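Enquirer: In UniProt numbering, the protein residues as written are 1 to 121.
Can you read through this structure? Questions will come right after.
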């Protein structure tokens, strides 16, 4: 039981679009973090002593966002591998096909809604 090659092609396109967007977002976040690490511009340096705490907090938030993006990218890349192996869309708990609507919304899903609900109980 698996999705057809044409279905897999559709899902690959969805995943590749999300992957491109996620990589751009990660690059943007890494750029912001790098700029913060370098101290920003001279105007920022003038106020650094007053805002040290908020700058550290903002940097931590950016790092957390970047970390989540890296995890998301990893999940998307693994979904591409499952497409190549023709195992994409099969629930890892029930062994049934994951609903197409779920895969379109969450293309890296490895659990059907049924399995997800069972795990959350």
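Heads up, the beta-carbon is just placed ideally off N, CA and C, and yes, glycines get one too.
Only a predicted model underlies this, so the values are computations on that prediction, with no experimental measurement involved.
1. Per DSSP, what kind of secondary structure is residue 103 in: helix, strand or coil?
2. Straight-line CA distance for residue 120 to residue 24?
3. Would you call the region 91-111 and the region 3-11 touching, i.e. three or more CB-CB distances under 8 Å?
4. Suppose the cutoff is 7 Å on Cβ atoms and the five residues either side in sequence are ignored; what does the same chain contact list for residue 79 look like?
5. What three-state label does DSSP hand residue 58 in the structure shown?
6. Measuring CA to CA, which of 34, 117 and 105 is closest to residue 60?
7. So if DSSP puts residue 90 in a beta bridge, which residue, or which two residues, is it bridged to?
8. In three-state DSSP terms, what is residue 108?
9. If distances are taken between C-alpha atoms only, which option among 57, 117 and 104 comes closest to residue 17?
10. Nearest by alpha-carbon distance to residue 127: which of 117, 86, 116 and 114 is it?
11. Relative to the alpha-carbon of residue 94, which residue among 82, 77, 113 and 81 has its alpha-carbon at the smallest distance?
Expert: Looking at the coordinates:
1. helix
2. 32 Å
3. yes
4. 15, 88, 107 and 108
5. helix
6. 34
7. 97
8. coil
9. 104
10. In this structure the chain extends from 1 to 121, so residue 127 is not present and cannot be described.
11. 113
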